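Note that the numbering used here numbers the sequence shown so that position 190 is 424, with each residue one more than the last. Ideal Cβ placement from N, Cα and C applies to all residues, glycine included. On a predicted model such as this, the values are computed, not experimentally measured, just so you know. Comments concern the structure below.
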Amino acid sequence: MSGKHQLIERLDTHGKLIIERHIHKMSTLIATGVAHPNIAFIKYWGNIDSELNIPSTGSISMNLDALWSKTTVTFEEKLKEDTLAINGNPASLLALQRVSTFLNIVRTMANRQIFADVRSVNNFPIAAGLASSASAFAALSLAATRALGLTLSEIELSRLARRGSGSSCRSVPPGYVEWQLGRGNGDSYAHSIAPAQHWLLTDCIAIVQSSEKLIGSQTGHLLAATSPFQPARILDAPRRLAICRQAILQRDFDALAKIIELDSNMLHAVMITSDPPLVYWQPSTLAILKIIPDMRAQGWPVCYTIDAGANIHIICPADYSAKIERILSQIPTVSQVLISPPGGGVSINED
Ligand code: DP6
Numbered sequence: 235m236s237g238k239h240q241l242i243e244r245l246d247t248h249g250k251l252i253i254e255r256h257i258h259k260m261s262t263l264i265a266t267g268v269a270h271p272n273i274a275f276i277k278y279w280g281n282i283d284s285e286l287n288i289p290s291t292g293s294i295s296m297n298l299d300a301l302w303s304k305t306t307v308t309f310e311e312k313l314k315e316d317t318l319a320i321n322g323n324p325a326s327l328l329a330l331q332r333v334s335t336f337l338n339i340v341r342t343m344a345n346r347q348i349f350a351d352v353r354s355v356n357n358f359p360i361a362a363g364l365a366s367s368a369s370a371f372a373a374l375s376l377a378a379t380r381a382l383g384l385t386l387s388e389i390e391l392s393r394l395a396r397r398g399s400g401s402s403c404r405s406v407p408p409g410y411v412e413w414q415l416g417r418g419n420g421d422s423y424a425h426s427i428a429p430a431q432h433w434l435l436t437d438c439i440a441i442v443q444s445s446e447k448l449i450g451s452q453t454g455h456l457l458a459a460t461s462p463f464q465p466a467r468i469l470d471a472p473r474r475l476a477i478c479r480q481a482i483l484q485r486d487f488d489a490l491a492k493i494i495e496l497d498s499n500m501l502h503a504v505m506i507t508s509d510p511p512l513v514y515w516q517p518s519t520l521a522i523l524k525i526i527p528d529m530r531a532q533g534w535p536v537c538y539t540i541d542a543g544a545n546i547h548i549i550c551p552a553d554y555s556a557k558i559e560r561i562l563s564q565i566p567t568v569s570q571v572l573i574s575p576p577g578g579g580v581s582i583n584e585d
């Protein structure tokens, strides 16, 4: 609890001046949200409205239970501006501006003009194509709205998170999630298509690059329209989404594998044919892609997908993850292997 002192002068019943010191107790406006990043099976790349993050296509993803961002927001009247620390270090001006712009939306919703101290901690490499801003903005959406006394529905929260980072709207609902194609702010949000327990898939992530990527997704989305392949990608999206949705609902790994890999390849085809071209892969990304057919030749159900980074996500049923982890961790260029089952949605941390 913080307090504010105020001196109040009044006359008592005998006309004597009394000066009273009042301490106004102010409840601290603080809340902590926890959210998981998600791996997109059918990916989001390109917007029809970049200001509101309204995508050109729908997308489908799985939340990653083993990875998390925990964000604590403290609104305090004494603050003269917003502050942001990521993993204990003051964030870059760019990151702070992005968070401040987002907090302005929350302040407008709550009709409060008060700055916040934001502290975000992640248990995985940030800004390396692992969707750290997805989990960070989902956690921030819940923490900031709760701290200001707002209770939003899942849809409202997903819509809000989308404003911070598009894919973040998919980290709000639990499990397997679809971000439906909407035309504007009102109908552009994500919902669960199946809970995490529906299908115990595992994401085995080979980290070949944990440093910050040079071109962030926000710039990438703007470049998408410069690729002659983007219209074909958009046109075919409803078909890929339907196959992916169906494969998840029917737990059909072969159908899922085929469509996930096609979608990832289409995304990177757009990226490398943009102006200027975006090449996120490293030689080791390709080297790992090349061993996936060997895994399949042994009868292992596996498939790959790659986001806006060099790291590779290998998706498999849970009982194959130990074998894949063993193989990936023997590759010299792989610095770390992260293993994650499907995860839940955003929640408040009560500690
Ligand atoms: C390639 O704009 O959501 O991961 O805000 O930079 O995290 P950041 O990304 P965002 O774009 C994500 C692009 C993608 C595909 C996807 O997750 O759908």
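Simplified DSSP assignment, three categories, for residue i
i	result
PHE275	strand
ALA471	helix
PRO181	Here the chain comprises residues numbered 235 to 585, so residue 181 is not present and cannot be evaluated.
LYS304	strand
ALA381	helix
ILE348	coil
GLU311	coil
SER387	coil
ALA459	coil
Proximity winner among the options, relative to residue i (alpha-carbon distances)
i	options	result
PRO429	SER295, THR539, ALA372 and THR305	SER295
ALA542	ILE582, THR453 and PHE371	THR453
ARG485	PHE309, ASN545 and GLN431	GLN431
SER574	LEU298, GLY292 and ASP283	LEU298
LEU384	ALA269, ILE339, VAL536 and ARG417	ILE339
GLN516	LYS312, ASN583 and ASN545	ASN545
ALA265	SER367, ASN345, THR379 and PRO324	THR379
PRO359	SER445, ILE276 and SER405	SER445
GLN464	ALA269, ALA372, PRO271 and LYS277	LYS277
ILE288	GLY578, LEU490, VAL571 and HIS455	HIS455
Cβ-heavy atom distance, residue i to the ligand DP6, below 7 Å
i	result
TYR538	no
GLN347	no
HIS455	yes
GLY400	yes
ASP183	The question about residue 183 has no answer, for the chain in this structure spans 235 to 585.
GLN516	no
GLN452	yes
Whole-number beta carbon distance between residue j and residue i, since they are thought to touch under 8 Å
i	j	result
LEU301	ASN357	6 Å
VAL411	SER422	The Cβ separation is near 14 Å, so there is no contact.
THR308	ALA274	With 8 Å as the limit, THR308 and ALA274 do not qualify as a contact, their Cβ atoms being about 32 Å apart.
LEU435	PRO576	6 Å
ASP316	SER334	5 Å
Chain B within 8 Å of residue i, Cβ atoms only
i	result
LEU415	Looking for chain B here will not work: only one protein chain is present.
Whole alpha helix (DSSP H) runs in the stretch 540-584 with 4 or more residues, listed along the chain? Here the runs fully enclosed are 555-563.
Just to confirm the assignment: which complete alpha helix (DSSP H) runs, minimum length 4, are found wholly within the stretch 487-532? 487-506 and 517-531
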